[in-house]
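Below is one structure; the comments refer to it alone.
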Amino acid sequence: MEYNFKEIESRWKQYWIDNKVYKVEVDKSRPKFYVLDMFPYPSGAGLHVGHPLGYIASDIYSRFKRLNGFNVLHPMGYDAYGLPAEQYAIQTGQHPAVTTEKNINRYREQLDKIGFCFDWDREVRTCDPKYYKWTQWAFIKMFGHYYDNKLKKAQPIANLEKHFAEQGTKGLDAACSEELTFTAAEWNAKNDKEKQEILMNYRIAYLGNTMVNWCPKLGTVLANDEVVDGVSVRGGYPVVQKVMRQWCLRVSAYAQRLLDGLDSLDWTDSIKETQRNWIGRSEGAEMQFGIKGTDEKFTIFTTRADTVFGVTFMVLAPESEYVDKLTTADQRQAVTEYVESTKKRTERERIADRKVTGVFTGAYAVNPLTGKDIPIWVSDYVLAGYGTGAIMAVPAHDSRDYAFAKHFNLPIIPLIEGCDVSNESYDAKEGKVINSCGNGLDLNGLDVKDAIAKAKKYISETGIGRVKVNYRLRDAIFSRQRYWGEPFPVYYKDGMPQMLGEDKLPLELPEIDKFLPTESGEPPLGRAKNWVTADGYPLELNTMPGFAGSSAYYLRYMDPHNDNALVSTEANHYWKNVDLYVGGTEHATGHLIYSRFWNKFLFDLGVSSTEEPFQKLINQGMIQGRSNFVYRIKDTNKFVSLGLKDKYDVTPIHVDVNIVSNDILDLEAFKAWRPEFATAEFELEDGKYVCGWAIEKMSKSMFNVVNPDMIVDKYGADTLRMYEMFLGPIELSKPWDTNGIDGCHKFLRKVWRLFNGGADGAFNVSDDKANAKELKALHTTIKKITADIERFSFNTCVSQFMILLNELTDLKCNKREILEPLVVLLTPFAPHIAEELWHQLGHQTSVCDAQWPALDENHLVENSFNYPISFNGKTRFMLELPLGMDKAEIEKTVLANENTQKYIEGKTIKKVIVVPGKIVNVALG
RNA sequence: GCUCGAGUGGUGGAAUCGGUAGACACGCGGGACUUAAAAUCCCGUGGCCUCAACAGCCGUGCGGGUUCAAGUCCCGCCUCGAGUACCA
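Heads up: the first sequence runs through residues 31 to 955, numbered per our numbering.
Next up, the structure:
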């Protein structure tokens, strides 16, 4: 019988389902291993051939671990809330739940074809109330906690209230939005609402004022990329920067732990680096500058405390509260106009168009070290959201300050010996300090690094300021004016937010008539009828963002049907955290930060037993499309082949890659493809139409989408799995090219024939003893495949299989002793054919429960070693010598060799270098 | 600008610790079988020199260096890709 992949694959898929082969339970007798894929958002377009790349890799690793005796948790689910379904709903009125369900079913159908070992009993969907109950639950917990900087841990908000009642803010070191100072008496005198306002300043989930792109006409907040030139992309309505009260998560409180945790993770350096940059720790100092003619002071942040003597002006962000306080009457109009004009520009625009702009406030600050007056300016190159929203400008040593100083003709004082600041600033932190002495601080002659340390010490000792670590990481805005997301478990009483009781969860998403904001500009939930608590209090109208549901899903998979807890202690203590996480790099600064934050919070609560959620991370590359082109001669319906196109004036046209094979166009299929091509004429090369090609993003509009279903149909799932791995290293981005797939398909056919090589393809495996050559081939493969799977080099695994097959074919080997281990080795890659062959060999249980073949090094041991023999450093030949020879013996044997004699003929031997097990070099005179 | 990667045949890629560069596959060329095609099998396939064989020389982006030996290590460039960007 020939290799009938269709029949084989459908039969064993059913067997796996019938026998619940992929069902996983806690089993304390076996070590656990948790392999997780980033769950997909089920889009309407379905899967293309690039999506399963990571899933295949994780599936191979899961199966490998299972064959090695691990109890492997390998679940799958859906990140089901999201914008596309809502947009579709707005356009068509189709409920997002309906389209999402449909898309999920389509995804499942496609995934099932590829033969993954997911335990589908553990499937989660973020839009399922049973699931998002725990997203809401975590939010309530975040609202009920604050972050204690001393304990480096989240604490119940009750502890904070107690502290305030007993000591006020004295001795408190907690993460907050704004530093507050009050006594216990002041706290106790406040009414409940005032107390709540203060607590909001510390809660990990809090209502805060944040700057957003607000489009009044559309009644919604827009993301930066939805705004161009100050107007909305959709509709062209004006957009302004506006402060809005939104739910936020105090991610910044965890900045240091998020940074420290990276060291223990087995992630690539590049993604760790991306996160480090995103967290953006910078050590510096906060300094207070007095304002001339008043008792007021304002605070700036700097990493270059050593450059205070070079400050020639100060700059405030336009949004800074000091702008209004400081501006003099003369300058008020100019400042107001400037601030208004910057409001109209989004942050993105400010970055894109880096013109130097700014305006003088009329006020002066006093340099605490020199006592000199320094003009205070306003400019949008200073950001309100970082540091204190104000800087001391040192034009000699900061390129931005330099550009500003040059533009407005402000003085520049160099502070480093020998630096030339006539054309650009000197930003490097190197050199000897000059011009820096006054008011008890002398930095002259010091190296910059020492000067920074000395200045910081001086500043904190004299009370001018304090040493401070700043982070770029900002708190996450957690409100969305959308329908298709988790409702907040929040209602409002006297204008203050209150959490629903945990017994009221889940708070289910209500039905609404349309999916647009209300006429009065409320979010879509404003349309819901009876969107109030049992007592009649109004519920929150915003919903949670996309990352809410994906932040703790890996915990839920451990215990997905538990109605009493996010995850039981028993399940969590067994599964702990994800050992291997596979997904794209695009989540480096989103999901992978939020998840780590969320898990650390749950860790503080004792819900998660491990500080980091994802121990090892593999980032699979993207699969790009390989587009094909035909060339139409202008104003005709005639198409010329690639090699002839330069003779004419032609227009390249994308052609569906599915009617092109090895860049040769199927002419009949082309004529049938589009009505306008029915009468097409062709100019051929050697009787063929050769298409051009290009690497582009895989997309419908470029007709380069390759659907995995079609590949499975034509070649089978096992071929698809092997070929996706064979394409190249898993983490590399590469174009999909169906052309090479024959090689993998041929391989599987040959494997089939190895077992079924009898007359008319009858099963024919012999029980004869394997010889040394056969055993060596097998064990070389065991060694290589085992090592290569461990280091995620799946492409070389496939190559190794092909090498072994070629050897076994040459040896005409059909011995059970060799073929049976081969089936097990093949299982992670091609599970269907492996299961079939396993049963052909007479086994009654699934190959998934087989044991990974043990490596016997004895079969690999050589009794000789290949030495490169070099003359004057040039390798001339290899010489096989027995193992165990000492240096002198090796030298003797080499010099006596006839090849050696040929090279040293007529020359004198100056020196012989022998490194046992390595090289022999003969230096000739 | 900054950070991190990567440059190897016609193509995808291999070379794990510094040890015969180009494994494996595609493509291409030639052959066998076949009326023919498909399928299958066999041979060849980095460049140069050579009728050919043997041998030789060159060859991993460029220029240097270390080493008996460098795709691999070090220094200096070039090119491409990814991320990030007025973070004081």
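Quick reminder that beta carbons are idealized off the backbone N, C-alpha and C, glycines included.
Distance between A359 and E367, taken at the CA atoms: about 14 Å. If you look at K668, you'll find it in the beta strand (DSSP E) that goes 668-670.
Scanning T342, V51, L77 for the CA closest to the CA of P738 turns up L77. Separation of E196 and W150 (C-alpha to C-alpha, rounded to the nearest whole angstrom) is 53 Å. For T811, the three-state secondary structure derived from DSSP is helix.
Shortest Cα-Cα distance from L66 to any of Y52, K940, G84 involves G84.
Rounded to whole angstroms, the gap between the alpha carbons of F644 and A285 is 17 Å.
With a 10 Å radius around the Cβ and a threshold of 16 neighbouring Cβ atoms, G531 comes out exposed. Annotated as proximal: M106 and F148, with beta-carbon spacing under 8 Å. Contact between the stretch 531-545 and the stretch 338-358 is absent, with fewer than three C-beta pairs closer than 8 Å.
Less than 8 Å separates the beta-carbon of V742 from that of I144. DSSP links F518 through a beta bridge to no other residue. With 16 or more other Cβ atoms from the protein chains shown falling within 10 Å of its own Cβ, Q511 counts as buried. In this structure, DSSP gives F633 a helical state, which the three-state scheme calls helix. For E216, the number of other beta carbons within 10 angstroms of its own is below 16, and it is reported as exposed. Distances from the alpha-carbon of I683 to those of E715, F707, K95, T357 put F707 closest. Ranked by Cα distance from A393, the options K355, E370, H427, S371 are led by K355. Excluding the 5 residues flanking it on each side, A724 has same chain C-beta neighbours closer than 8 Å at R656, S657, F659, in chain order. Here the alpha carbons of Y583 and D533 stand approximately 21 Å from one another. Apart from the 5 residues on each side of it in sequence, K95 sits with its Cβ closer than 6 Å to the Cβ of F63, V102 in its chain, given in chain order. Rounded to whole angstroms, the separation of the alpha carbons of A792 and I812 is 27 Å. Non-local beta-carbon contacts of F35 in its own chain, meaning distances under 6 Å to residues more than five positions away in sequence, involve G746 in chain order.
For W277, the secondary structure class from DSSP, reduced to helix, strand or coil, is strand.
By the Cβ neighbour-count rule, R821 is exposed, with fewer than 16 other Cβ atoms within 10 Å of its own. Using a 10 angstroms sphere on the CB of H591, the tally of other CB atoms stays under 16, which defines it as exposed. In this structure, K484 and L473 form a Cβ contact; the two beta carbons are roughly 6 Å apart against a cut-off of 8 Å. Taking every protein chain shown into account, the CB of Q166 has 16 or more other CB atoms within 10 angstroms, so this residue is buried. At a Cβ-Cβ threshold of 8 Å, A710 and Q305 do not count as neighbours. Excluding sequence positions up to five before and after D798, its CB lies within less than 7 Å of the CB of K845, all in the same chain and listed in chain order. Counted as a single uninterrupted DSSP element, the beta strand (DSSP E) harbouring G495 occupies residues 495-500.
Between F434 and S409 the beta-carbon gap is near 6 Å, inside 8 Å, which marks them as a contact.
By the criterion of at least three beta-carbon pairs nearer than 8 Å, the stretch 627-641 is in contact with the stretch 273-290.
The residue among S580, K487, L295 with its C-alpha nearest the C-alpha of G112 is S580. Remark: C-beta atoms of I228 and H175 do not approach each other more closely than 8 Å. If you look at F438, you'll find it in the alpha helix (DSSP H) that goes 429-438. In this structure, the alpha-carbon of G266 lies about 14 Å from that of V251.
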